[in-house]
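Data block below; observations after.
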Amino acid sequence: MIVIDKILSTEEVNAYRNVLADAPWADGANTAMGMAASVKNNNQADANNDSVRQLANQLLARIGETPKLVSAALPHKIFPPCFNRYNEAQEYGFHVDAAVMRIPNTAEVIRSDISMTTFLSEPEEYEGGELIISTEFGQQSIKLPAGYAVVYPSSSLHKVNAVTKGQRVAAITWMQSMITDVSMRQNLYQLDQSIQNLIKENKTSRTEMDNLHNVYHNSVSYTHLTLPTTPYV
Ligand code: NI
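The opening position of the sequence shown corresponds to residue 5 in my numbering, with each subsequent residue numbered one higher.
Printed below as a string of structure tokens:
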């Protein structure tokens, strides 16, 4: 579980909020699959609306431009971000995200390895509405400033607590990683973060840095090409 600070600036969040305020919204349960539909009570911005699609594409581009996120997720395919909204008394009960998703209006499917929530409302704007993620260390409660994002394994059980006051707006998306294995993805993330820190410290010789870069890139391509991927179901 990794927090990405300020994937969107305050100005960008405000611009997103303005567009979304005028966008058409529908019942979120329409887009949930299987058992998730029965516990999903929120609204989702119409993904076919031009201005909504434009926001989704902007956020998609930003994901690719955010080094910490790329390092943590090593995305191979990304589902176009969706925007959801919880009004008072709305919630999304415990569920696991669909393992395989069809990208709308295409024949392409992605395996969801990583889920990402980008908060678009400030924590002071609503009560309740925490994202609760079940981890091996117990339940983590997440409520981040607007413009911040959290990524977590799609296979983890999670829910959004009922909003008891105000409104919670967020963007969500899913990624298929080049690295299927969660622990290998974590190792590669740690290795890359250490390399980035060594670059900042600027005390390590060019040759040693080149060697470390080589190890990192070879490990990514080796793992990407050799580990079995979960078959599509
Ligand atoms: Ni979910």
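Glycine is no exception: its CB is placed at the ideal position from the N, C-alpha and C atoms. Since the structure is predicted, the reported quantities are computational estimates derived from the model, not experimental observations.
Problem - Q94 vs N52 beta-carbon contact at 8 Å - result: Against a cut-off of 8 Å, the Cβ pair of N52 and Q94 comes out as no contact.
Handout entry: Beta-bridge partners of I8, as assigned by DSSP
Key = The partner list for I8 (beta bridge, DSSP) reads A153.
Exercise for the section: Pick out whichever of E126, I6, S159 has its Cα sitting closest to the Cα of A102. Expected result: Ranking the options by Cα distance to A102, first place goes to S159.
Practice task
Quick one: grab the DSSP three-state call for A41.
Solution key: The DSSP-derived three-state label of A41 is helix.
Exercise for the section: Can you give me the start and stop residues for the beta strand (DSSP E) that I183 sits inside? Expected result: Note, I183: premise wrong, no beta strand (DSSP E); not H, not E.
Handout entry: For M120, the nearest candidate out of F83, L192, P127 (CA to CA)
Key = Residue nearest to M120 within the set F83, L192, P127 is F83 (criterion: CA-CA distance).
Exercise for the section: From the DSSP output, in three-state form, read off N215 for me. Expected result: Reduced to three states, the DSSP call for N215 is helix.
Problem - Complete alpha helix (DSSP H) runs within the segment 62 to 134 (minimum length 4 residues, chain order) - result: Within the segment 62 to 134, the runs of alpha helix (DSSP H) that reach at least 4 residues and sit entirely inside it are, in chain order, 71 to 77.
Practice task
For the beta strand (DSSP E) holding A30, just list the boundary residues, first then last.
Solution key: In the DSSP annotation of this structure, the continuous segment of the beta strand (DSSP E) that includes A30 starts and ends at 29 to 31.
Practice task
Can you give me the Cβ contacts of S116 inside the same chain, cut-off strictly under 8 Å, excluding the 5 residues immediately before and after it?
Solution key: The beta carbon of S116 is closer than 8 Å to those of F83, D101, A102, A103, V104, M105, S158, W178, M179, Q180 in its chain, skipping five residues each way along the sequence.
Handout entry: DSSP three-state assignment for T206, whether helix, strand or coil
Key = The sequence shown places Asn at residue 206, rather than the Thr named in the question. In the structure shown, N206 sits in coil (DSSP, three-state: anything other than H, G, I, E or B).
Practice task
Give the DSSP-derived three-state secondary structure of Q194 in the structure shown.
Solution key: DSSP places Q194 in helix when its eight states are reduced to three.
Practice task
May I ask you to check if the CB of D117 is nearer than 7 Å to at least one heavy atom of the ligand NI?
Solution key: Answer for D117: no, Cβ out of range of the ligand NI.
Handout entry: Whole-angstrom distance between D9 and V167, CA atom to CA atom
Key = When only Cα atoms are considered, V167 and D9 end up about 23 Å apart.
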